[in-house]
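Notes follow the structure.
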Amino acid sequence: MRFTDRAFLVSSTLLAIPSLTTAFYLPGVAPTSYDEGQAVPLYVNHLTPSLSRDDQLHSVFSFDYYHPAFGFCRPADGPKDVRESLGSILFGDRIRTSPFELHMAKNETCKSICAEAKFDARSAKWTNRRIAQGYNINWIVDGLPAAQLNYDGVTKTKFYNPGFSLGELDDNGQALLNNHYDIVIDYHKVGFGGKDKYRVVGVLVQPESRKDSRNLEGGAAECGTPGNGLTLNEDGETAVTWTYSVYWKESPTAWATRWDKYLHVYDPKIHWFSLINSAVFVVFLVGMVSMILVRALKKDIARYNRLDSFNLEDLDSTSAAIEDGVQEDSGWKLVHGDVFRCPKSPLLLSVMVGNGAQLFMMTGVTVAFALLGLLSPSNRGFLATAILLISALFGGIGGYVSARVYKTFGGDAWRRNIIITPLFIPGIVFGTFFTLNLFVWAKGSSGAVPFGTMLALVLIWFVISVPLSVAGSWLGFKQSPLEGPTKTNQIPRQIPPMSGSLRTIPSILLTGILPFGAIFVELYFIMTSLWTNKIYYMFGFLFLCYGLMIITSAATTVLLVYFLLCAENYQWHWRAFMGAGMTGGYVFVNALIFWATRVSFGGLTGAVLYVGYSALIAFVVFILTGSIGFFASWAFIHRIYGSIKVD
Ligand SMILES: *[C@@H]1O[C@H](CO)[C@@H](O)[C@H](O)[C@H]1NC(C)=O
3 MRFTDRAFLV
13 SSTLLAIPSL
23 TTAFYLPGVA
33 PTSYDEGQAV
43 PLYVNHLTPS
53 LSRDDQLHSV
63 FSFDYYHPAF
73 GFCRPADGPK
83 DVRESLGSIL
93 FGDRIRTSPF
103 ELHMAKNETC
113 KSICAEAKFD
123 ARSAKWTNRR
133 IAQGYNINWI
143 VDGLPAAQLN
153 YDGVTKTKFY
163 NPGFSLGELD
173 DNGQALLNNH
183 YDIVIDYHKV
193 GFGGKDKYRV
203 VGVLVQPESR
213 KDSRNLEGGA
223 AECGTPGNGL
233 TLNEDGETAV
243 TWTYSVYWKE
253 SPTAWATRWD
263 KYLHVYDPKI
273 HWFSLINSAV
283 FVVFLVGMVS
293 MILVRALKKD
303 IARYNRLDSF
313 NLEDLDSTSA
323 AIEDGVQEDS
333 GWKLVHGDVF
343 RCPKSPLLLS
353 VMVGNGAQLF
363 MMTGVTVAFA
373 LLGLLSPSNR
383 GFLATAILLI
393 SALFGGIGGY
403 VSARVYKTFG
413 GDAWRRNIII
423 TPLFIPGIVF
433 GTFFTLNLFV
443 WAKGSSGAVP
453 FGTMLALVLI
463 WFVISVPLSV
473 AGSWLGFKQS
483 PLEGPTKTNQ
493 IPRQIPPMSG
503 SLRTIPSILL
513 TGILPFGAIF
523 VELYFIMTSL
533 WTNKIYYMFG
543 FLFLCYGLMI
553 ITSAATTVLL
563 VYFLLCAENY
573 QWHWRAFMGA
583 GMTGGYVFVN
593 ALIFWATRVS
603 FGGLTGAVLY
613 VGYSALIAFV
623 VFILTGSIGF
633 FASWAFIHRI
643 YGSIKVD
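Just so we're aligned: the sequence shown equals residues 3 to 649 in our numbering.
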């Protein structure tokens, strides 16, 4: 864990913005050992929606634990914020102290938390609605989420599912509020020089609804009977007594493996199966296509070069060759004088591929980090923090690539290029994020990112990313442009009309579909873990999918460009970018389908939020895959035009 410590040190130094300095630390990297009877703090996090029994998602908002309408007990001196990382705040974590008292290895039955809470009609209505939407309570004990024990019928294993329900719906659809918690904590005993120490290795909560629990004199309580549900009256006042019991169970699980039972893969067989399926399909297709392409190209190149040598030797044999059926130059060679012509809107294209290169490096490094196990789930929000910092640090790459591409296109508005590269696309992303956040904020959800965090984001961008990008651009503009192997003619060639699948829209739609197919399976898991606050940890799968996506984007775009050139259409730049970028379009369509089939929530804000965030993700995928397609085509074109002789 040395490296994480150092990474953390770097990140916290970089982000030493006064109000935020306390907000960075990595919990859960080193084990905490407790003495018997020592207090173990229980922290509360936000309430999050979960997938219901029929796999439907009913809301996308998360709510603060201490939202007054929930009526949860507060600590005597008020709840205090627990330090969190920037990424953890961005992803909605709001961790606070709580009034629950746990003492290591001391069983305690039926304790009351605070005096009665009163639910008025409005709060009752609010809370009942949250119960109907399947909201989960999230607690954290020693860095571990409090979970409910679930049973997976397919793999026949029990696993810990983080979060436990706020309440249940009874058979009549009446909401029952869980006001009693049986907390079961697994602990592991370790010997420390003859003295026993205890570590927390698992946290389970079994919530129950009990109507007849009462507070007694002197802090004691009566915990009522199970099966006698508490309903909140929506027309009047309801008094609620909150109670809990704590049971400590010794466990053989060591501290180092305590996360294992949380990270449950639903049906890993299906997961692997579909992944391998798509991998085999993709590899087969790409292999076949590239074989055909290489053969066709070899033939083309041999033919072109033969014609050339005939020309040089004598006219007779050339005419003989032509009579032989070897025609004059045809196909992609015809456009050699135009293929390196500057595309339309070179500034915009160079800015997009510059940012795409930055994204590409960022995703690559992040996935590699994750594979090395540096983004373990116990480092809350570390993934998001890492993504942010890495992409800011790669601003230099964005600037450099954008500048070089622009210079190669022969653009002369270099000042504009330098300014627009670090501002345009990050501006769109941040602007959308900011606008969506206003909706969350208006809704009173705790998921709204605080103003200080927003400011920190802007600062990271302007203090780290923009200067690096400008420096990169400066370097890029100092280099000479990348010359193509063939000279560009003065007068542009006429482009014949395209037909069939080579027309603009069909060709773009067709190109994006294969890379999308490569990430389709994983996308579902990422989406659900994003919306339901589940831990995403299948980085092995993610790595494979990412690799497949790169290969397919590159291969299909190269194929598209080859066909375009054969049809004497040399305007490949935008077509390659849009074609591969269409993967993002499919990601958006997929999100809409998920919405139509799996999401059921009314309300405009929920819809705006869902569509908005999906569009944002799709946009990022668009820039990323578009750039992959563009650079693959660029390399391809340099290669093929470099291997023919042109007089
Ligand atoms: C606490 O309760 C659990 C569960 O009922 C039991 O297994 C355990 O032995 C108890 N521990 C003590 C110290 O009594």
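For glycine and all other residues, C-beta sits at the position ideal for the given N, C-alpha and C.
Check: Grab me the residues of Val202's own chain with a C-beta within less than 7 Å of its C-beta, minus the 5 sequence neighbours each way, in chain order.; Outcome: Val42, Val143, Asp144, Leu146, Ile187 and Tyr189
Check: Give me the Cβ distance between Thr50 and Asn138, rounded to the nearest whole Å; I'm assuming they're in contact under 8 Å.; Outcome: 5 Å
Check: Pick from Gly94, Ser87, Cys75 and Gly333: whose alpha carbon is nearest that of Glu103?; Outcome: Cys75
Check: Should Lys191 be counted as a contact of ligand 1 given a C-beta to heavy atom distance under 7 Å?; Outcome: no
Check: Closest to Thr284 by C-alpha separation, out of Arg641, Met551 and Gly587, would be which residue?; Outcome: Strictly speaking, residue 284 in this sequence is Val, with Thr absent from that position. Per the Cα distances, Met551.
Check: Rounded to the nearest angstrom, what separates Arg418 and Val468 at their Cα positions?; Outcome: 14 Å
Check: By how many angstroms is the C-alpha of Val84 removed from the C-alpha of Val662?; Outcome: For residue 662 there is no data in the structure shown, the boundaries of the chain being 3 and 649.
Check: Please go through the same chain and pick out, in chain order, the residues whose beta-carbon is closer than 8 Å to the beta-carbon of Lys108, but skip the five residues on each side of it.; Outcome: Glu38, Gly39, Val248 and Trp250
Check: Rounded to a whole number of angstroms, what is the C-alpha to C-alpha distance between Phe518 and Cys547?; Outcome: 10 Å
Check: So, at 6 Å on beta carbons, what are the nonlocal neighbours of Tyr572 in its own chain, with the 5 sequence-adjacent residues on each side left out?; Outcome: Val337, Asp340 and Val341
Check: What's the gap between the Cα of Trp636 and the Cα of Thr490?; Outcome: 16 Å
Check: At a threshold of 7 Å, does Tyr249 count as lining ligand 1 (C-beta to nearest heavy atom)?; Outcome: yes
Check: Given a threshold of 16 other Cβ atoms within 10 Å of its Cβ, counted over all protein chains shown, does Arg308 qualify as buried or as exposed?; Outcome: exposed
Check: Under 7 Å from any heavy atom of ligand 1, does the C-beta of Asn109 make it?; Outcome: yes
Check: Using a threshold of 8 Å, state whether the C-beta atoms of Lys409 and Gly478 are closer than that.; Outcome: yes
Check: Can you give me the Cβ contacts of Ala32 inside the same chain, cut-off strictly under 7 Å, excluding the 5 residues immediately before and after it?; Outcome: none
Check: Quick check on DSSP: helix, strand or coil for Asn109?; Outcome: coil
Check: Does the beta carbon of Tyr572 come closer than 8 Å to any beta carbon on chain C?; Outcome: This model lacks chain C altogether, as it is built from one protein chain only.
Check: Asp340 by DSSP, collapsed to three states: which one?; Outcome: coil
Check: If you follow the alpha helix (DSSP H) that Val613 is in, where does it begin and where does it stop?; Outcome: Leu606 to Gly644
Check: For the beta strand (DSSP E) holding Thr159, just list the boundary residues, first then last.; Outcome: Thr159 to Pro164
Check: Measure from the alpha carbon of Pro81 to the alpha carbon of each residue in Phe72, Ile97, Gly89 and Leu88, then state which is nearest.; Outcome: Ile97
Check: On a Cα-Cα basis, can you pick out the residue from Tyr612, Thr243 and Gly474 that is closest to Val591?; Outcome: Tyr612
Check: How would you call Val242, buried or exposed, if buried means at least 16 neighbouring beta carbons within 10 angstroms?; Outcome: buried
Check: For Tyr526, report the span of its alpha helix (DSSP H) as first-last.; Outcome: Thr506 to Trp533
Check: When we look at the beta-carbon of Asp214 and count the other beta-carbons within 10 Å, is it buried (16 or more) or exposed?; Outcome: exposed
Check: Return the residue from the list Ala405, Gly401 and Met364 that minimises the CA-CA distance to Leu391.; Outcome: Met364
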